[in-house]
Structures are given as structure tokens and as C-alpha cells.
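Heads up, the sequence shown is in the numbering used here, so the first residue is 5 and it goes up one at a time.
Here a beta-carbon is modelled for each residue, glycine too, at the ideal position from N, C-alpha and C.
If you're wondering where the values come from, they're calculated on a predicted model, not measured in any experiment.
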Amino acid sequence: MQEPTSLTASNEVNTKRKGSSKMAELIALHRVAESKKSEGERICYDPYAVYF
Numbered sequence: 005m006q007e008p009t010s011l012t013a014s015n016e017v018n019t020k021r022k023g024s025s026k027m028a029e030l031i032a033l034h035r036v037a038e039s040k041k042s043e044g045e046r047i048c049y050d051p052y053a054v055y056f
């Protein structure tokens, strides 16, 4: 069984990560999908989401 890591150790690993997070990528994908809906159906419109 793996030893639990401390919050400090976890934060050190996260600050060294390169690139975008999986959560940021998923949010961008949802914004793209939402922006492609018709004006009457969509909640938000983000013309730049496709670039992220």
C-alpha cells in the first residue's frame, strides 16, 4: 500500500507540472461544444475556446 503524501509534497508536484491541467482542457472542450449550439440553445458563447 502506498503511503499518503502530505499536502506540501502534493503542491510541489502540481507546481512542477508542464502544460494545461486535464480540468482546464475539459472545460475548454465544453465551452467549444456549447458555443457550437444555436443562439437560442446555448448558455454561453466563447469564440476563443476552440483555440485553447
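For residue i, is the classification buried or exposed, using 16 other Cβ atoms within 10 angstroms of its Cβ as the cut-off for buried?
| i | result |
| --- | --- |
| R46 | exposed |
Do residue i and residue j have their C-beta atoms within less than 7 Å of each other?
| i | j | result |
| --- | --- | --- |
| A53 | S39 | yes |
| F56 | A37 | no |
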